[in-house]
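J.:
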Amino acid sequence: MIQILFFAGIQEELGIDRLEVEPEGIYTVKELKGFLQHTYHSSTLQQSMTAINENFVTEQEKIKEGDIVAFIPPVSGG
Amino acid sequence: MIQILFFAGIQEELGIDRLEVEPEGIYTVKELKGFLQHTYHSSTLQQSMTAINENFVTEQEKIKEGDIVAFIPPVSGG
Amino acid sequence: MNDVRFFEIVDQPIIIEDLIHKVASREVGAITTFIGTVREFTGGKKTLFLEYQAYPTMAEKMLREIGVEIKKKWPDARVAITHRIGKLDIMDIAVVIAVSSPHRKTAYEANEYAIERIKEIVPIWKKEHWQDGTEWVGNQLETIRYPAGKPIAKGESE
Amino acid sequence: MNDVRFFEIVDQPIIIEDLIHKVASREVGAITTFIGTVREFTGGKKTLFLEYQAYPTMAEKMLREIGVEIKKKWPDARVAITHRIGKLDIMDIAVVIAVSSPHRKTAYEANEYAIERIKEIVPIWKKEHWQDGTEWVGNQLETIRYPAGKPIAKGESE
Numbered sequence: 003m004i005q006i007l008f009f010a011g012i013q014e015e016l017g018i019d020r021l022e023v024e025p026e027g028i029y030t031v032k033e034l035k036g037f038l039q040h041t042y043h044s045s046t047l048q049q050s051m052t053a054i055n056e057n058f059v060t061e062q063e064k065i066k067e068g069d070i071v072a073f074i075p076p077v078s079g080g
Numbered sequence: 003m004i005q006i007l008f009f010a011g012i013q014e015e016l017g018i019d020r021l022e023v024e025p026e027g028i029y030t031v032k033e034l035k036g037f038l039q040h041t042y043h044s045s046t047l048q049q050s051m052t053a054i055n056e057n058f059v060t061e062q063e064k065i066k067e068g069d070i071v072a073f074i075p076p077v078s079g080g
Numbered sequence: 012m013n014d015v016r017f018f019e020i021v022d023q024p025i026i027i028e029d030l031i032h033k034v035a036s037r038e039v040g041a042i043t044t045f046i047g048t049v050r051e052f053t054g055g056k057k058t059l060f061l062e063y064q065a066y067p068t069m070a071e072k073m074l075r076e077i078g079v080e081i082k083k084k085w086p087d088a089r090v091a092i093t094h095r096i097g098k099l100d101i102m103d104i105a106v107v108i109a110v111s112s113p114h115r116k117t118a119y120e121a122n123e124y125a126i127e128r129i130k131e132i133v134p135i136w137k138k139e140h141w142q143d144g145t146e147w148v149g150n151q152l153e154t155i156r157y158p159a160g161k162p163i164a165k166g167e168s169e
Numbered sequence: 012m013n014d015v016r017f018f019e020i021v022d023q024p025i026i027i028e029d030l031i032h033k034v035a036s037r038e039v040g041a042i043t044t045f046i047g048t049v050r051e052f053t054g055g056k057k058t059l060f061l062e063y064q065a066y067p068t069m070a071e072k073m074l075r076e077i078g079v080e081i082k083k084k085w086p087d088a089r090v091a092i093t094h095r096i097g098k099l100d101i102m103d104i105a106v107v108i109a110v111s112s113p114h115r116k117t118a119y120e121a122n123e124y125a126i127e128r129i130k131e132i133v134p135i136w137k138k139e140h141w142q143d144g145t146e147w148v149g150n151q152l153e154t155i156r157y158p159a160g161k162p163i164a165k166g167e168s169e
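Chains as they are written, first to last, in our numbering: chain A, 3 to 80; chain B, 3 to 80; chain C, 12 to 169; chain D, 12 to 169.
(1) Suppose contacts are defined by Cβ-Cβ distances below 7 Å. Is D:ALA121 in contact with D:TRP85 by that definition?
(2) At 3 residues or longer, and completely inside the segment 46 to 82 of chain D: list those beta strand (DSSP E) runs for me, N to C.
(3) Less than 8 Å between the CB atoms is what I'm expecting for D:THR48 and C:VAL15, so what's the real figure, rounded?
(4) Can you check whether the CB of D:THR145 is closer than 7 Å to the CB of D:LYS137?
(5) Let me check understanding here. Comparing Cα to Cα, which of C:ASP100, C:VAL107, C:ILE135 lies closest to C:TRP141?
(6) Assuming D:ASP29 is part of the beta strand (DSSP E), what are its boundary residues?
(7) For A:VAL23, which of helix, strand or coil comes out of DSSP?
(8) Among all the DSSP beta bridges, which residues are the ones paired with B:ASN57?
(9) Report the residues of the segment 67 to 97 of chain C with a CB closer than 9 Å to any CB of chain D, ordered along the chain.
(10) Indicate whether C:THR93 and C:GLU19 have their beta-carbon atoms separated by less than 7 Å.
(11) So is C:THR48 in contact with chain D if we call contact Cβ pairs under 7 Å?
(12) Could you tell me the alpha carbon to alpha carbon distance between A:PRO76 and A:PRO25, rounded to whole angstroms?
(13) Nearest by alpha-carbon distance to C:ASP143: which of C:LYS57, C:VAL107, C:ASP87, C:ALA105 is it?
(14) Apply the 10 Å Cβ neighbour rule to D:GLU169 and answer buried if 16 or more other Cβ atoms are within range, or exposed otherwise.
(15) Using a beta-carbon distance cut-off of less than 8 Å, what residues from the segment 136 to 152 of chain D approach chain B?
(16) Using a Cβ cut-off of 9 Å, pull out every chain D residue sitting near C:THR117, in sequence order please.
(17) How would you label B:MET2, buried or exposed, when you count the other beta carbons within 10 angstroms and need 16 or more for buried?
(18) Label C:THR43 either buried or exposed according to how many other C-beta atoms from any shown protein chain fall within 10 Å of its C-beta, with 16 as the threshold for buried.
(19) Going by Cα to Cα distance, which pick from D:ILE26, D:HIS32, D:PHE45 is closest to C:ILE108?
(20) Closer than 8 Å by C-beta to A:ARG20: which residues in its own chain qualify, once you throw out the five before and the five after it? Chain order, please.
(21) Could you tell me how far apart the beta carbons of D:SER112 and D:ALA91 are, in whole angstroms, since I believe they sit closer than 8 Å?
(22) Excluding five sequence neighbours on each side, which residues of the same chain lie with their C-beta closer than 7 Å to the C-beta of A:LEU38?
(23) When the Cα of D:GLY78 is compared with those of D:PRO134, D:ARG128, D:VAL21, which residue comes out closest?
(24) Identify which residue in D:ALA118, D:HIS114, D:GLY97, D:GLU123 has its Cα closest to the Cα of D:ILE25.
(25) Looking only at DSSP bridge pairs, what is C:VAL21 linked to?
(26) Taking the alpha carbon of C:LEU61 as the point to measure from, which residue in C:VAL34, C:GLU76, C:LYS82, C:MET102 has its own alpha carbon closest?
(27) Please work out which residues of its chain come closer than 6 Å, Cβ to Cβ, to B:ILE74, disregarding the five sequence neighbours upstream and downstream, and give them in chain order.
(28) Answer with yes or no whether the minimum CB distance from C:VAL133 to chain A is below 7 Å.
(29) Using a 10 Å radius around the Cβ and a threshold of 16 neighbouring Cβ atoms, would you call B:SER78 buried or exposed?
(30) With H, G and I counted as helix, E and B as strand and the rest as coil, what does DSSP make of D:HIS114?
Structure representation (structure tokens):
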């Protein structure tokens, strides 16, 4: 299983803040994003950064069993 | 009469913090400085700025009866 | 010293003095603070209140990372940052950054660096509750997404 | 608002929060403070304590003048400055400058401008009490006397 976290606008758009999926056939961030967009038709997911286990990663990053993947829309702290 | 104020290093050197003098024959800041140096042999007075009635002035500034003249050594607040 | 948490996400009001005490010491001559408060009007629009959300563990981690960056750039600076989340009213304090240094120039520069980096890499989001609706605010830098200061993704070179 | 004294010379400890409250408002999003504290070591020499002296009425007047200069350069900034005089121990606060603005850049810049100007034109002096003697400290900017930032004397053009 991999755990997926949604925040802010994405969370609101999807109506969920987390999700667990079997990573079957999903090897990279890019593939995970593709899968989620196909399933949820999100318009904001594509613009967000991704973190795996609290580190920012690129779309090419591999996802492993047990990873926590978070989608990080443009931040606005401060 | 004019009132003269001394601060910090000058005050310590001269051993006084204020002085009243009759401005007879003293028309400018430069002349007042000359008079005080002649009288007190101060080594720090020459390096100080001068304020009349709380405004910085040049050595050419005229002094009038009733003025408060302050000698301002290099400041070090903050 | 060991229990002092220099980088925190909290859901309660921030006490400015606490942050100042974290960075004060006999060696420093200058302490700067930045206090971010909730403003009523932005571009003529009236804000009723704000709602801050964070990815708390990662946000604290990124704040610590900003601390590491500052230590590298300004070795004699000491930094503490606390960011509040939850519902914030007008004039409430959202973030406090305190920086101390023996030298004032460093205290100003490192402090400004910290707030810029917070707005780039710390996963905290703000929802504006306007008089006429709500909106999750995007990148406040109002630049194209993640320009020069973009988060350094693992595997990328800077 | 009318009894708030934005520019003060005091002989008691400075309460940082008081200055922050003076500049806070619903319009501002950023408040910066500069806190000048007494440092133990300067150039390897150990300070035991400091003694600050002021020409109080003129010092407050010059602080207000700095406020006017800031208002001219950064019209949306609001500034409060309090400087303490008398005997100060290590870690005591000598000066606090608080600046608020709708925009953070202004809050940083105007604050730094204020401390630079204090060190140039405000008649306050500091006597170091070292382990091995005392000394009235000259211009802390460690430049030749009154360079670019010299006090503008009446009748001189800038």
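Quick reminder that beta carbons are idealized off the backbone N, C-alpha and C, glycines included.
T.: The short version:
(1) The beta carbons of D:ALA121 and D:TRP85 sit closer together than 7 Å.
(2) Runs of the beta strand (DSSP E) inside the segment 46 to 82 of chain D: 56 to 65.
(3) Contact between D:THR48 and C:VAL15 does not hold, since the beta-carbon distance rounds to 18 Å and is not under 8 Å.
(4) Taking 7 Å as the Cβ cut-off, D:LYS137 and D:THR145 do not qualify as a contacting pair.
(5) It is C:ASP100 whose Cα lies nearest to the Cα of C:TRP141.
(6) Looking at the DSSP string, D:ASP29 is not in any beta strand (DSSP E); the run it does join, the alpha helix (DSSP H), is 27 to 34.
(7) Reduced to three states, the DSSP call for A:VAL23 is strand.
(8) DSSP output for B:ASN57 lists B:ILE54 as bridge partner(s).
(9) If the cut-off is 9 Å between Cβ atoms, the segment 67 to 97 of chain C has nothing near chain D.
(10) Against a cut-off of 7 Å, the Cβ pair of C:GLU19 and C:THR93 comes out as a contact.
(11) Yes, because at least one Cβ of chain D sits closer than 7 Å to the Cβ of C:THR48.
(12) Straight-line measurement puts the Cα of A:PRO25 at about 26 Å from the Cα of A:PRO76.
(13) Considering only alpha carbons, the answer is C:LYS57.
(14) With a pLDDT of 35 at D:GLU169, under the threshold of 50, the predicted position of this residue should be treated as unreliable, and no value is reported.
(15) Answer set for the segment 136 to 152 of chain D: TRP136, LYS137, LYS138, TRP147, VAL148, GLY149, ASN150, GLN151.
(16) None at all; the shortest Cβ gap to chain D is about 12 Å.
(17) Coverage of chain B is limited to positions 3 through 80, which leaves residue 2 of chain B absent and any answer about it impossible.
(18) Taking a 10 Å sphere around the C-beta of C:THR43, we find 16 or more other C-beta atoms and assign the residue as buried.
(19) Among D:ILE26, D:HIS32, D:PHE45, the Cα nearest to that of C:ILE108 is on D:PHE45.
(20) Hits under 8 Å: GLN5, ILE6, LEU7, PHE8.
(21) With 8 Å as the limit, D:SER112 and D:ALA91 do not qualify as a contact, their Cβ atoms being about 13 Å apart.
(22) Here the set comprises SER44, LEU47.
(23) Comparing C-alpha distances from D:GLY78 to each of D:PRO134, D:ARG128, D:VAL21 shows the shortest one belongs to D:ARG128.
(24) Out of D:ALA118, D:HIS114, D:GLY97, D:GLU123, D:GLY97 has the C-alpha closest to the C-alpha of D:ILE25.
(25) Looking at the DSSP assignment, C:VAL21 forms a beta bridge with C:ARG95.
(26) Measuring from the Cα of C:LEU61, the nearest candidate turns out to be C:MET102.
(27) Closer than 6 Å at the Cβ level, and outside the excluded window around B:ILE74, lie SER50, MET51, ALA53.
(28) Residue contact check for C:VAL133 against chain A: a CB pair falls below 7 Å.
(29) Residue environment: B:SER78 is assigned as buried (16 or more neighbouring CB atoms within 10 Å of its CB, all protein chains considered).
(30) DSSP places D:HIS114 outside both helix and strand once states are collapsed to three, so it counts as coil.
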